[in-house]
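Trainee:
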Amino acid sequence: MSYTLLKLGDFIFSIKTASYQKLRQQWQFTWASQPIIGGYPQQQYTGETVRTMALSGTMYPGQYGSRDSLLHMVELAGTGAPFILVAGTGEILGYWCITQVSESGTYPDKEGICRKIEFSVSITYYGDSIPNKGR
Numbered sequence: 001m002s003y004t005l006l007k008l009g010d011f012i013f014s015i016k017t018a019s020y021q022k023l024r025q026q027w028q029f030t031w032a033s034q035p036i037i038g039g040y041p042q043q044q045y046t047g048e049t050v051r052t053m054a055l056s057g058t059m060y061p062g063q064y065g066s067r068d069s070l071l072h073m074v075e076l077a078g079t080g081a082p083f084i085l086v087a088g089t090g091e092i093l094g095y096w097c098i099t100q101v102s103e104s105g106t107y108p109d110k111e112g113i114c115r116k117i118e119f120s121v122s123i124t125y126y127g128d129s130i131p132n133k134g135r
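All the letters of the sequence shown, read from the start, carry residue numbers 1 to 135 under UniProt numbering.
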């Protein structure tokens with residue numbers, strides 16, 4: 001049995017596909033500086049701007065994970081569409097855009113196929129829904 005760690009669109013992060021070892025989230029917020037007569041400028045909160053997530057891990061093709069899984073992620077990114085992100089617990093995390101996929105292979109075998117592949121995937125929050133979806 002392979003447990004789902006995270007699902008992005010139809011891509012499943014799991015031991016059999018691509019298991020991430022590190023997940024980093026970042027939220028950014030903006031503040032505008034407002035001048036004050038005779039005093040220091042005050043900061044005014046203007047909202048959240050960007051929310052990103054980066055997943056990184058290591059695959060060992062033939063044992064854990066497959067390069068084909070990573071190439072599928074590249075194909076998804078190339079569609080230019082946001083995808084729904086669902087945690088392994090079933091929590092829906094909204095729609096996200098794949099902004100970067102990278103890989104680094106080491107320990108090639110006699111056919112040049114790397115036996116260890118380190119990967120990272122960066123995604124940016126799109127929203128809770130896709131406007132006009134289905135129209």
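All C-beta atoms in this analysis are idealised placements derived from N, C-alpha and C, irrespective of residue type, glycine included.
On a Cα-Cα basis, can you pick out the residue from Asp128, Ile15, Trp31 and Phe119 that is closest to Ser104?
Mentor: Here the closest residue by C-alpha is Phe119.
Trainee: Where does the unbroken beta strand (DSSP E) through Glu103 begin, and where does it stop?
Mentor: Ile92 to Pro108 is the extent of the beta strand (DSSP E) around Glu103.
Trainee: If you draw a straight line from the alpha carbon of Gln26 to that of Ile36, how long is it in whole angstroms?
Mentor: Taking the straight line from one Cα to the other gives about 31 Å.
Trainee: Does Ala18 come out as helix, strand or coil in the three-state DSSP assignment?
Mentor: Reduced to three states, the DSSP call for Ala18 is coil.
Trainee: Within its chain, find whatever has a CB closer than 8 Å to the CB of Arg115; leave out the 5 residues flanking it on each side and keep chain order.
Mentor: So the list reads Tyr60, Pro61, Gly62, Thr106, Tyr107, Pro108 and Asp109, once near-sequence residues are dropped.
Trainee: At which residue ranges does the region 26-65 contain complete beta strand (DSSP E) runs of 3 or more residues, listed in the order of the chain?
Mentor: Fully enclosed beta strand (DSSP E) runs of 3 or longer: 39-59.
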